[in-house]
Amino acid sequence: MKEAPQRYQDLPQQYLLNQPDIDLQHAVLFSLFAFVQRQLDAGEVDNPEALMTTLRDYVLFHLSYEEERMRPQSYPLHALHLAAHRQFEDRVRRFDQQFAAHRDDHTARVAVLRQLRDYLLSWLEGHIVKVDRALFADPRYYHPLAL
Amino acid sequence: MTDVESSGGVRAFELQETGAHIRLSCRHEPEFSDVRVFENLLARLPASGPVEIDMSRLDYLGSRSLGVFLVMLNKVQPRERGVSLLGCRPGVRKIIATAGLDRLFRVTP
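So, in structure tokens, the structure goes:
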């Protein structure tokens with residue numbers, strides 16, 4: 031049976047890097063961003079724990095996975111790239127703490143969710159377009175995908 | 071056997087059995103509108119015990135469904151259950167592995 035081509039829903043075309051694993055993981059991150067947006071649209075912000083657990087775990091997994099595909103010796107922006115990842119992880123953790131601090135305050139949770147949406151979008155767009163694209167522009171900088 | 075309908079009227083999850091192992095059958099790619107239905111289903115399950123999700127009816131998972139599905143799985147996890155995905159067809163298993171879900175949840179044949 032012929033395999034269906036991967037659909038990268040929620041991932042704008044301009045963010046494709048022609049790396050099937052990275053593109054799919056980026057698409058999942060964009061789908062989590064879309065999930066945040068839909069929660070805001072639907073006014074369902076009372077139980078963001080599962081969303082935050084998902085986001086935190088998936089961000090940690092994806093960044094670590096991407097780092098495994100880098101070749102530190104030949105990739106000139108390795109240290110900067112890792113620093114950007116740590117910054118993103120720290121910010122996601124702080125969002126988690128902000129939600130915990132406003133457990134009983136619906137208005138504050140909506141505000142935090144809006145901040146999270148804006149941060150996710152701007153970070154993903156900027157990071158994928160500039161930093162990740164530079165990494166995957168030169169085969170010397172990364173290990174090939176082992177399928 | 072209990073069927074649960076999503077807001078679109080499509081039966082999304084089916085509770086196949088309860089007892090030592092709770093088994094849910096995923097009947098189509100999860101959508102955002104299935105999340106609330108899934109929460110209602112979880113509320114009716116015993117508070118503890120491993121949960122198996124039968125994936126054998128799915129022949130594809132798009133990235134949007136993967137995001138929604140991840141959130142759903144984490145709605146089960148906080149109850150300190152073990153969650154495992156079983157019966158994935160080869161194409162779905164490959165998508166799950168490429169997306170890295172097999173590093174976050176147990177995937178069994």
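Chains as they are written, first to last, in our numbering: chain A, 31 to 177; chain B, 71 to 179.
Note that the Cβ used here is the ideal one computed from N, Cα and C, for glycine as well.
Helix, strand or coil, according to DSSP, for residue i in the structure here?
| i | result |
| --- | --- |
| B:Arg163 | helix |
| B:Ser19 | Absent from the model: residue 19 of chain B. The displayed extent of chain B is 71 to 179, so no value can be given. |
| A:Phe60 | helix |
| A:Leu47 | coil |
| B:Ser135 | helix |
| B:Phe108 | helix |
| B:Ser103 | coil |
| A:Glu74 | coil |
| B:Arg176 | strand |
| B:Ser118 | coil |
| A:Gln39 | coil |
| B:Ser77 | Interpretation of B:Ser77 is limited by its pLDDT of 39, a score under 50 that renders its predicted location unreliable; the figure taken from the coordinates is listed afterwards. Reduced to three states, the DSSP call for B:Ser77 is coil. |
To the nearest angstrom, how far is the alpha carbon of residue i from that of residue j?
| i | j | result |
| --- | --- | --- |
| A:Leu93 | A:Arg99 | 10 Å |
| B:Arg151 | A:Val122 | 25 Å |
| A:Asn3 | B:Leu112 | Lying before the first or after the last residue shown, residue 3 of chain A is absent from chain A, which here runs from 31 to 177. |
| A:His56 | A:Leu41 | 7 Å |
| B:Tyr130 | B:Cys158 | 10 Å |
| A:Arg170 | A:Asp162 | 14 Å |
| B:Gly170 | A:Ala138 | 33 Å |
Can you pull the DSSP bridge partners for residue i?
| i | result |
| --- | --- |
| A:Tyr172 | A:Met100 |
| B:Val153 | B:Val121 |
Got a sec? Which residues, its chain only, sit under 8 Å from residue i by beta carbon, not counting five neighbours each side?
| i | result |
| --- | --- |
| A:Leu175 | Gln49, Pro50, Asp51 and Arg99 |
For chain B, is any of its Cβ atoms less than 9 Å away from the one on residue i?
| i | result |
| --- | --- |
| A:Leu150 | no |
| A:Asp87 | yes |
| A:Asp120 | no |
| A:Ala141 | no |
| A:Arg37 | yes |
| A:Asp162 | no |
| A:Leu146 | no |
| A:Val75 | no |
Would residue i pass as an interface residue toward chain A - the criterion being a Cβ-Cβ separation below 9 Å?
| i | result |
| --- | --- |
| B:Leu85 | no |
| B:Arg106 | yes |
| B:Gly170 | yes |
| B:Val125 | Here residue 125 of chain B turns out to be Met, not Val, going by the sequence shown. No, because no Cβ of chain A sits closer than 9 Å to the Cβ of B:Met125. |
| B:Gly132 | yes |
| B:Arg173 | yes |
Is any heavy atom of the ligand PLP found at a distance shorter than 8 Å from the C-beta of residue i?
| i | result |
| --- | --- |
| B:Arg127 | The ligand PLP is absent from the structure shown, which contains no ligand whatsoever. |
Of all the CB atoms in chain D, is at least one closer than 9 Å to the CB of residue i?
| i | result |
| --- | --- |
| B:Asn144 | Protein chains in the displayed structure are A and B, and chain D is not among them. |
Which same chain residues end up closer than 7 Å to residue i when comparing Cβ atoms and leaving out the 5 residues on each side of it in sequence?
| i | result |
| --- | --- |
| B:Gly161 | Asp129 and Tyr130 |
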